Every structure is written in structure tokens, then in C-alpha cells.
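Residue numbers (this note's numbering), protein chains in the order written: chain A, 1 to 405; chain B, 406 to 810. Below: one structure, written as C-alpha cells.
Number of protein chains: 2
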Amino acid sequence: MSLIVQKYGGTSVGSPERIRAVAERVGEAQSAGHQVVVVVSAMSGETDRLIKLARQVSPYPSDRELDMLLATGEQASIALLAMALHERGLEAKSFAAHQVRIVTDSVHTRARILHIEDQRIRQELERGRVVIVAGFQGVDENQEITTLGRGGSDTSGVALAAALKAEYCEIFTDVDGVYTADPRIVPEAKKMQSISYDEMLELAGLGAKVLQIRSVEFAMKYGVRVHVRSSMNHEEGTWVLKEDASMEKVMVRGVTSNTNEAKIIIKGVPDKPGLAALIFGEIAKANISVDMIVQNVSEDGKTDITFTVPKTDSHKAMEVINDKIVSEHDVAAVKCDDKIAKLSVVGVGMRSHSGIAAQMFQALAAVGINIMMISTSEIAISCVIDVKFSELGVRVLHETFELGK
Amino acid sequence: MSLIVQKYGGTSVGSPERIRAVAERVGEAQSAGHQVVVVVSAMSGETDRLIKLARQVSPYPSDRELDMLLATGEQASIALLAMALHERGLEAKSFAAHQVRIVTDSVHTRARILHIEDQRIRQELERGRVVIVAGFQGVDENQEITTLGRGGSDTSGVALAAALKAEYCEIFTDVDGVYTADPRIVPEAKKMQSISYDEMLELAGLGAKVLQIRSVEFAMKYGVRVHVRSSMNHEEGTWVLKEDASMEKVMVRGVTSNTNEAKIIIKGVPDKPGLAALIFGEIAKANISVDMIVQNVSEDGKTDITFTVPKTDSHKAMEVINDKIVSEHDVAAVKCDDKIAKLSVVGVGMRSHSGIAAQMFQALAAVGINIMMISTSEIAISCVIDVKFSELGVRVLHETFELGK
Chain A
1 MSLIVQKYGG
11 TSVGSPERIR
21 AVAERVGEAQ
31 SAGHQVVVVV
41 SAMSGETDRL
51 IKLARQVSPY
61 PSDRELDMLL
71 ATGEQASIAL
81 LAMALHERGL
91 EAKSFAAHQV
101 RIVTDSVHTR
111 ARILHIEDQR
121 IRQELERGRV
131 VIVAGFQGVD
141 ENQEITTLGR
151 GGSDTSGVAL
161 AAALKAEYCE
171 IFTDVDGVYT
181 ADPRIVPEAK
191 KMQSISYDEM
201 LELAGLGAKV
211 LQIRSVEFAM
221 KYGVRVHVRS
231 SMNHEEGTWV
241 LKEDASMEKV
251 MVRGVTSNTN
261 EAKIIIKGVP
271 DKPGLAALIF
281 GEIAKANISV
291 DMIVQNVSED
301 GKTDITFTVP
311 KTDSHKAMEV
321 INDKIVSEHD
331 VAAVKCDDKI
341 AKLSVVGVGM
351 RSHSGIAAQM
361 FQALAAVGIN
371 IMMISTSEIA
381 ISCVIDVKFS
391 ELGVRVLHET
401 FELGK
Chain B
406 MSLIVQKYGG
416 TSVGSPERIR
426 AVAERVGEAQ
436 SAGHQVVVVV
446 SAMSGETDRL
456 IKLARQVSPY
466 PSDRELDMLL
476 ATGEQASIAL
486 LAMALHERGL
496 EAKSFAAHQV
506 RIVTDSVHTR
516 ARILHIEDQR
526 IRQELERGRV
536 VIVAGFQGVD
546 ENQEITTLGR
556 GGSDTSGVAL
566 AAALKAEYCE
576 IFTDVDGVYT
586 ADPRIVPEAK
596 KMQSISYDEM
606 LELAGLGAKV
616 LQIRSVEFAM
626 KYGVRVHVRS
636 SMNHEEGTWV
646 LKEDASMEKV
656 MVRGVTSNTN
666 EAKIIIKGVP
676 DKPGLAALIF
686 GEIAKANISV
696 DMIVQNVSED
706 GKTDITFTVP
716 KTDSHKAMEV
726 INDKIVSEHD
736 VAAVKCDDKI
746 AKLSVVGVGM
756 RSHSGIAAQM
766 FQALAAVGIN
776 IMMISTSEIA
786 ISCVIDVKFS
796 ELGVRVLHET
806 FELGK
């Protein structure tokens with residue numbers, strides 16, 4: 001008998017009706033001969049409701065207490081799903097993370113899973129029960145309740161699949177799978193049958209919101225086969241798998257655009273050793289993560305440094321630079337531009353094929369899109385462009401690399 | 406430095422504003438030099454909201470999963486109160502029952518506390534922190550989440566006070582204390598300064614809703630001094646204490662009426678050994694608790710048996726009797742009357758004073774109230790009367806025993 005893990009997101013358990021539909025789906029999997037472990041998120045809207053309540057009490061609530069509060073959302077969902085399964089005549093038991101011991105580090109609001117004890121779960125499965133585990137939450141060595149960050153239930157699901165050596169992990173969500181581009185922008189975008197861990201990691205990092213990036217890291221590390229699919233229909237979704245030879249034949253697998261970053265330009269920076277380290281050191285101290293960095297060739301002993309940060313942190317980043325850099329060093333000007341988009345193409349085939357970058361730049365130039373910044377990884381190329389060309393850029397690249405075929 | 410336990414009910418933490426008010430009150434207690442452990446209920450309305458959600462998924466949810474669901478209500482409250490305390494600059498930490506280990510038996514939805522581990526709480530108190538503990542919930546030896554039944558947070562508070570050997574336990578509620586009668590019925594009713602455990606137990610059992618009965622049992626067993634008071638003002642409330650000599654001087658301390666019972670009369674029961682045992686055996690099997698029982702003197706080998714049950718169980722009780730007794734034994738008739746009230750007077754002074762019963766019956770007769778059933782305990786006398794005389798009866802007895810003075 002094979003063991004599978006199913007993870008249902010907040011929309012999939014968003015109402016009593018939806019919870020009953022999930023129970024039906026879980027029942028189908030059990031009838032098909034699987035042992036089933038189910039991971040659920042909080043009902044959609046619940047986490048936001050709790051955060052709002054917290055903010056009414058305290059504008060900046062402590063991370064520990066926020067975790068204590070938010071963990072209730074998933075605990076309610078698991079109990080309700082267990083009731084719905086009982087209603088269908090299935091044996092089922094729900095467990096909070098501290099009960100099955102999903103042990104994490106102690107970094108509240110974005111804890112990392114260290115290990116999972118599988119004993120209790122296996123006992124219940126062997127008794128023929130469906131085991132329902134609260135996603136998103138964990139417990140540290142000191143019995144403190146932690147959470148894994150937004151989208152953390154994906155990680156709970158994949159980590160449980162890894163710990164239980166499940167045959168695969170199904171991630172049920174409100175989209176049909178992973179597409180070659182956002183279908184709202186490119187109507188011809190195609191659902192991928194499969195995608196490699198590396199590609200999925202790049203896509204998740206570049207703005208595709210299908211899976212939490214950490215869940216993909218986990219899947220890759222432990223070789224968990226992940227099936228991303230819709231809870232609203234029975235269509236096959238997209239499998240996230242280990243790279244194989246056939247995948248390398250595809251040079252570009254998908255196109256993304258990310259409009260959540262802002263570009264900061266520091267002009268006329270004295271070209272002396274250590275200044276770049278100082279700038280990005282101060283930014284890091286403020287807990288702001290920098291994405292792309294470009295430094296131009298020096299001219300007259302001065303250079304320009306441009307980098308991107310999440311839009312939500314751009315204000316803070318400007319403050320840090322004005323306070324710590326501009327005021328104490330001979331810098332000409334600092335400017336922030338949040339009207340940008342980062343356009344990316346991803347594909348493991350790029351490792352062995354050259355010329356993708358040139359093809360991308362030509363395609364953009366042909367429709368008059370100016371490229372402001374470029375960065376590349378082994379399997380992705382990204383360009384920063386004016387945000388007004390964002391959709392056009394995605395469509396052009398999707399066509400250029402023939403992803404609709 | 407003395408240690409106190411404060412318990413706040415659902416109304417006291419019913420909104421972000423009320424939670425902030427509780428934080429202020431906790432701060433006052435700490436400023437006054439106390440180590441403070443706070444027990445809170447779920448925000449008012451929250452438990453009902455969760456139960457409604459459960460019923461939408463399953464009409465008869467399993468007790469285990471109901472506990473899993475309902476325990477989230479208190480977990481949210483403790484986190485929010487901790488945030489409110491931080492906001493006032495106080496150090497505070499919240500704990501779910503499984504974290505401080507409020508260990509109960511495994512009877513879901515009405516578990517009993519077996520023991521409490523005080524180590525973690527003491528550690529935090531010694532660091533100068535306010536410790537906030539979720540009321541109503543517990544954990545059994547198998548890490549299963551349990552709840553203590555409606556009003557269970559009172560018991561959590563008193564049990565914690567006992568385990569920590571607290572100086573006293575303050576129960577904050579939406580009334581000012583314990584009154585000689587319900588002030589809505591008797592405007593001259595007086596708030597008692599103090600009341601003995603025995604009297605409070607009787608009053609709680611007879612329908613006074615100020616404290617959960619089990620919390621009083623706990624207080625009595627461990628000698629916990631309990632102060633029932635309002636969270637809306639700073640008035641002294643009522644102390645629930647060990648009986649002392651001055652208390653015995655008061656013959657009647659309070660009057661209650663309970664309109665939540667129904668009376669069942671079985672007429673013409675053959676007067677043979679074992680039939681009463683059979684009747685009440687069947688009732689007990691149906692999990693219905695019987696309050697008063699009266700059996701008349703036998704006449705012609707037949708007798709009448711009258712007893713009272715909670716109104717909510719009267720329908721089920723009638724079914725049981727019709728199915729198991731009437732159909733198989735030679736019984737004349739069964740009748741149910743739910744238009745009754747149980748009027749009671751309570752006072753430890755009755756132990757050493759006689760004549761209270763006679764005085765009570767005379768007073769009721771003087772205003773034309775007919776008594777249907779009578780039962781007595783060492784410190785209480787109860788009469789069942791027609792429900793329409795319920796308020797009149799309370800007023801008459803309150804005046805007769807001069808409780809307004």
C-alpha cells in the first residue's frame with residue numbers, strides 16, 4: 001500500500017462546503033488504495049483576520065505571540081476536516097504540529113523544519129486512519145510554537161512526504177499547475193507536464209507564486225516528487241521532478257515577470273575599495289534582501305551602483321543609504337525607481353545551449369523595449385525593463401521561444 | 406513577593422479595547438508587587454462561532470475534534486493579551502495548556518485536571534514576566550488536546566492557583582460578585598462580602614452562574630481563596646473562603662431559583678422491589694442526570710414516583726421511560742411538566758439551626774404558593790413550585806430571611 005501526502009491550500013478549505021469537497025477527494029485517494037496524510041492551511045481569510053486583530057491590539061506584535069495566534073488558523077482547519085471525514089464514514093484524526101512533532105528552529109514567523117517524528121503518524125495510518133496535520137506550524141525544542149512563513153504549508157506537506165518517504169506529494173491549489181507564462185497575460189501559455197526542481201526554484205524565486213520556494217528546496221534535497229494541481233477538478237497538473245535528459249532538450253521552459261521590486265541607483269560613488277561592501281553591509285543590517293546588483297565601469301574615479309530590492313523595503317533602503325552613505329561619503333545622488341519589471345526566462349537547457357541571452361535581447365529590442373539591468377544564472381536570464389512594457393515583454397518572449405507549441 | 410492568579414472571562418477579553426483594559430489591570434497588579442499569572446477565556450462569541458462552523462461540517466462532530474477546534478479560541482486570546490501587555494512595556498509570555506502541561510484525563514469536552522506542572526511558569530515569573538495561560542483547555546498523557554467544559558476557565562484559574570500555591574485567585578467577570586439573590590429579581594439583593602465553599606457549591610449547583618461548580622470543588626479541596634469581582638470596576642467583590650465561625654451565625658445566605666428543570670411523574674408504579682432501581686438505571690444509561698426524586702407512600706400496592714431532570718433532557722427521558730418502563734411494566738401514566746421552578750435557600754448556619762424549613766414553607770404558603778416537591782441537604786432546602794411564582798417566591802424568601810439588611 002503506497003503512502004501519499006496531500007496538501008490543500010486556504011481556498012480549498014475556505015468554507016464548510018469546500019471542506020466537505022476536500023473530504024470527498026481524500027476519500028477517493030483512500031479508496032484508490034493509498035494511505036493518506038493530509039496537510040491543510042488555515043481557511044482563506046482567517047490568517048488575515050487574525051493579523052488584523054493583532055494589529056488592533058499592538059501595531060508591532062512580537063513574533064512569538066504572532067506565531068501563537070496564527071497557529072490557531074490551521075488548528076481549526078484540521079479539526080473541521082477531520083469532522084468532515086467522519087461524516088463520510090472515514091476514520092481520521094487531526095494533529096497539531098506539536099503533537100506529531102514537526103520540530104523547527106526557534107526563528108519565529110519564518111522557522112525552518114529540522115526534523116519530523118513519524119512514529120505517531122505511522123501508528124495511525126496502520127490503523128487505517130487518515131492523518132490530518134496542521135500546515136504552516138511547528139514546535140521548537142523548547143515546546144515553543146513556531147510558524148514557517150507565508151505559504152509554509154507547502155513546506156509542511158513536502159517535509160512530511162520526505163519524512164514518511166511518501167510516493168509523492170500532491171499540492172492542491174486554485175490553479176491547474178505550472179504554466180509557461182501567466183495565462184492571464186499570455187492566453188496561449190501551456191501547462192507544463194513536468195518541470196525540474198532547479199527550474200521550479202528559479203521560477204518561484206522570480207515571482208511565480210505556485211509554490212513556496214522553501215518547499216521546492218526541500219523537495220529537491222529529499223527527492224520528493226511533487227504534483228501541483230487544482231482542487232477544483234481532476235485534471236493532471238504539473239509534476240516537479242528530478243531533472244532528466246528530456247528536460248535538457250528544452251532551452252526555455254517558462255517566462256516570468258516580477259513587478260514587486262524597485263531599483264535604487266547611487267550615482268557618482270567614489271571608486272575606492274570597500275565602499276560597495278559598506279553599502280550592502282548597511283542594507284543587510286536593515287534586514288533588506290537585495291536581488292540584482294550592477295556596477296558600471298569607473299570613469300574619473302567615480303562609478304554608479306544600481307541594485308533592486310523588494311518594493312516594500314525600498315523606502316527603508318533609501319533611508320539607510322541617505323543616513324549611512326550619502327551623509328558620510330562623497331556620493332553624488334541617490335534615486336529610487338519602482339516603475340520597473342524584471343523579465344526572466346528559465347530553462348535547464350540553457351546549461352548546454354548558448355545564444356539564449358542574445359535571442360532574448362534581440363526580441364525585446366525588436367519591439368522597442370529598453371533593457372536597464374541584466375543578470376544571469378546558470379539556468380535563467382533576467383532583464384529589468386520599464387514596468388509599462390511588462391506584459392508586452394512576457395508575450396514577446398513567450399512567442400520567441402515558442403512556448404505555446 | 407506574593408503570587409496571584411487572575412482569571413478573565415470571555416466578555417472581559419471580548420474586543421481589542423477590552424483586551425487592552427485587561428492588560429492595564431494586570432499591569433496594576435504587577436505594579437502592586439505581585440507576581441501575576443493570568444488565565445483567559447476565548448473572546449466572547451468565539452466559542453459559539455466555532456461550534457456553528459463545526460455543525461456546518463458535521464451535525465454531531467466527534468468530541469476529540471471539537472476539543473481540537475475549540476481550544477483555538479483560548480489560544481488566540483492569550484496571544485492577544487500578551488501583545489497588549491508588551492504594548493504597555495511589560496514582559497509577558499503566553500502558554501497553551503500543553504506547554505505548561507495542564508494534564509487532564511482523556512474525557513474530551515469535559516476533562517478533569519489531574520495535575521499541573523509548575524516549573525515552566527515559575528521560571529518565567531522569576532524572570533519578572535507575566536505568565537498568561539489558556540483557560541478551558543488541557544492535554545492528556547497522550548498529548549491529546551482536551552477541554553474542561555463550559556466555564557472551564559474558572560477551573561483552570563483555581564487549579565493553577567492551587568498548583569502554584571497562589572495567595573489568592575481573582576475571577577473577573579461581568580457581575581460585581583455573589584449576591585443574596587439575583588438583583589434583576591430582587592432589587593434589594595446585597596452583594597456578599599464572603600461566602601463559604603460549601604455555600605458556593607450549593608449555589609452553583611442550584612443555578613447561580615457566577616462560578617463553574619468544578620472550580621469551587623477545586624478551591625475547597627486545596628483551600629484556594631477565590632475573589633469573584635467585576636473587570637469593569639475596582640470594587641471589592643465576594644470572597645469564597647473556608648467556613649469560619651462568623652459564617653455559621655448567618656442561617657440563610659442566599660436564595661436562588663432554577664427554571665431549567667422539568668418534572669416527570671410516573672403514576673401507578675407497582676410497589677415491588679427493584680423497579681425504582683430499574684427506572685433510574687435506564688435514565689442513567691441515557692446519560693441524563695436526575696436532580697430531585699420523590700416517592701410517595703404506597704397505596705393499594707401502587708405508588709407515584711416524581712423526579713426532575715434538565716429541561717433539555719426531558720424529551721429523551723420521556724422516551725426512555727415510555728420505551729423501557731411503560732411498555733414492559735404495569736405503569737398507569739407518565740407525565741412531564743416543564744413549567745416548574747426550583748426555589749432554594751442556602752446557608753451553613755442551617756447545620757446548627759432548626760426551623761428554617763418550616764419558616765420557608767410558611768412564607769410561601771402565606772402568599773399562596775403551592776409546594777410540589779421538597780428536598781433538603783445539610784445546608785440547603787429546595788422546593789419545586791409552579792414557574793409562574795418563581796420571582797415572587799424569591800422575593801418573599803429574600804424578605805423572610807432578611808437578606809437585604
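No residue lacks a Cβ here, since even glycine has one placed at the ideal position from N, Cα and C. Keep in mind that this is a model prediction, so the values were computed, not measured.
So residue i and residue j are in contact, right, with Cβ under 8 Å, and what is the actual spacing, rounded?
i, j, result
"T509/B", "V544/B", "7 Å"
"I116/A", "L160/A", "6 Å"
"Q504/B", "G557/B", "Between G557/B and Q504/B the Cβ distance is about 17 Å, and since that is not below 8 Å, they are no contact."
"S58/A", "E492/B", "4 Å"
"V750/B", "L802/B", "6 Å"
"E687/B", "V714/B", "That pair is no contact at about 12 Å."
"D198/A", "I379/A", "6 Å"
"V224/A", "F218/A", "7 Å"
"S314/A", "I279/A", "Not a contact, Cβ separation roughly 15 Å."
"S599/B", "E549/B", "39 Å between Cβ atoms; not a contact."
Helix, strand or coil: which one does DSSP assign to residue i?
i, result
"S662/B", "strand"
"D453/B", "helix"
"I4/A", "strand"
"K324/A", "helix"
"L812/B", "Outside the shown range of chain B, which is 406 to 810, sits residue 812/B, and nothing can be said about it."
"A134/A", "strand"
"T180/A", "coil"
"H34/A", "strand"
"D174/A", "coil"
"K793/B", "helix"
Could you name the residues that DSSP lists as bridge partners for residue i?
i, result
"E461/B", "The sequence given here has Gln at residue 461/B, not Glu. Note: Q461/B sits in no beta bridge, so no partner."
"T551/B", "G543/B"
"S780/B", "S787/B"
"V40/A", "Y8/A and A134/A"
"K596/B", "Y584/B"
Cβ of residue i versus every heavy atom of the ligand ZN: is any distance shorter than 6 Å?
i, result
"A571/B", "Ligands in the displayed structure: none, and consequently the ligand ZN is not present."
Taking residue i as the query, report the chain E residues whose CB atoms sit under 7 Å from its CB, ordered along the chain.
i, result
"H86/A", "Judged by its chain identifiers, the structure shown contains no chain E, and its protein chains are A and B."
field: Length-filtered (3 minimum) beta strand (DSSP E) runs lying within the segment 472–535 of chain B
entry: Under the rule that a run must span 3 or more residues, the beta strand (DSSP E) segments found entirely inside the segment 472–535 of chain B read 497–500, 507–509 and 518–521.
- request: May I have a chain-ordered list of the alpha helix (DSSP H) segments no shorter than 4 residues that lie completely inside the segment 600–635 of chain B?
  value: Runs of the alpha helix (DSSP H) lying entirely within the segment 600–635 of chain B and spanning at least 4 residues, in chain order: 602–610 and 618–627.
4 or more residues per run - each alpha helix (DSSP H) lying fully within the segment 639–693 of chain B: Runs of the alpha helix (DSSP H) inside the segment 639–693 of chain B: 650–653 and 680–690.
message: With a threshold of 8 Å, are at least 3 pairs of Cβ atoms found where one atom belongs to the segment 128–139 of chain A and the other to the segment 70–89 of chain A?
response: Look at the beta carbons and you see the segment 128–139 of chain A touching the segment 70–89 of chain A: at least three pairs across the two are nearer than 8 Å.
query: Do the segment 267–282 of chain A and the segment 328–338 of chain A meet, that is, are 3 or more Cβ pairs less than 8 Å apart?
result: At 8 Å Cβ cutoff, the stretches touch.
query: Curious, which full-length alpha helix (DSSP H) runs of at least 4 residues does the segment 688–767 of chain B contain?
result: Counting whole runs of 4 or more residues, the segment 688–767 of chain B contains the alpha helix (DSSP H) stretches 716–725.
- prompt: Any chance the segment 780–798 of chain B sits against the segment 631–640 of chain B, with 3 or more Cβ pairs inside 8 Å?
  reply: At 8 Å Cβ cutoff, the stretches do not touch.
query: Is there contact between the segment 314–327 of chain A and the segment 352–359 of chain A, where contact requires at least three CB pairs shorter than 8 Å?
result: Here the segment 314–327 of chain A does not lie against the segment 352–359 of chain A, with fewer than 3 beta-carbon pairs under 8 Å apart.
- prompt: Taking three-plus beta-carbon pairs below 8 Å as touching, is the segment 741–750 of chain B in contact with the segment 652–672 of chain B?
  reply: Contact between the segment 741–750 of chain B and the segment 652–672 of chain B is present, because at least three Cβ pairs lie under 8 Å.
message: For the structure I just gave you, are there three or more beta carbon pairs, one from the segment 446–463 of chain B and one from the segment 414–421 of chain B, closer than 8 Å?
response: Output reads yes: the segment 414–421 of chain B touches the segment 446–463 of chain B.
- request: Mind the definition here: the segment 521–537 of chain B touches the segment 430–443 of chain B only if three or more C-beta pairs lie below 8 Å; say whether that holds.
  value: Enough Cβ pairs lie closer than 8 Å, so yes.
query: Are the segment 570–588 of chain B and the segment 418–426 of chain B touching by the rule of at least three beta carbon pairs closer than 8 Å?
result: Verdict: no, contact absent.
- prompt: How about the segment 652–662 of chain B and the segment 701–715 of chain B: do they share at least three Cβ pairs that are nearer than 8 Å?
  reply: The segment 652–662 of chain B, when compared against the segment 701–715 of chain B, does not touch it at the 8 Å Cβ threshold.
- prompt: Okay, do the segment 186–196 of chain A and the segment 364–373 of chain A touch, 3+ Cβ pairs below 8 Å being the bar?
  reply: The answer is no - the segment 364–373 of chain A does not touch the segment 186–196 of chain A, with fewer than three Cβ pairs under 8 Å.
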